[in-house]
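Contents: one structure, followed by commentary.
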Amino acid sequence: MSPLRTLPPAGTVIPFPLLLKGLLGALRPGDARARLAHEIQQLYGVREVHLLNSGRSVLTVLLQAMKEARPERTEVILPGYTCYSVAAAAVRVGLKVRPVDIDPDTFDYDPAALEAVDTSNTLALITANLFGIPN
1001 MSPLRTLPPA GTVIPFPLLL KGLLGALRPG DARARLAHEI QQLYGVREVH
1051 LLNSGRSVLT VLLQAMKEAR PERTEVILPG YTCYSVAAAA VRVGLKVRPV
1101 DIDPDTFDYD PAALEAVDTS NTLALITANL FGIPN
């Protein structure tokens, strides 16, 4: 099966009760973002919750935290074919991007190319599910 003939998911159905709750919540005074963070914190029993606006923002914050924990690691391995935002997040926090060739049939890393990479300075290896196709 060719990955390009696979249709990605097009959306998520939001049940009406949840949609109504969200709309009514917008009418309540106060900081909705803080309330949401608090509800998530209580639901999962975690110390902190950080609400961000995009996957790029999340990846940037995550890479920054990893860089602070392991400052000697300065590279991020990425598939040679992925969206701009992935590489931009790494560059934004001062990391070197190391693209690795992909398998044209799966769009995942080419195993031989990945095996040949020197990972002594690697902070993270990031993979991507392009077009909704799982790796």
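So that you can map any letter, position 4 of the sequence shown is 1004 in this note's numbering, and since no number is skipped, the others follow by simple counting. Built from N, CA and C at the ideal position, the CB exists for glycine as well.
**Request:** Measure the alpha-carbon distance for Leu1036 versus Leu1130 and round it to whole angstroms.
**Result:** 30 Å
**Message:** Within the continuous beta strand (DSSP E) that includes Pro1079, where are the two ends?
**Reply:** Glu1075 to Pro1079
**Three-state secondary structure assigned by DSSP to Pro1015** = coil
**Message:** Give me the residue from Val1091, Pro1017, Tyr1084 and Thr1082 with the minimum Cα distance to Leu1062.
**Reply:** Val1091
**Request:** Quick one: grab the DSSP three-state call for Glu1033.
**Result:** Note on residue identity: the sequence assigns Arg, not Glu, to residue 1033. Correct three-state label for Arg1033: helix.
**Asked** Taking C-alpha atoms, which residue in Arg1033, Ser1085, Val1100 and Thr1074 lies nearest to Gly1094?
**Response** Thr1074
**Prompt:** Taking the C-alpha atoms as reference points, what is the distance between Gly1030 and Gly1022?
**Reply:** 14 Å
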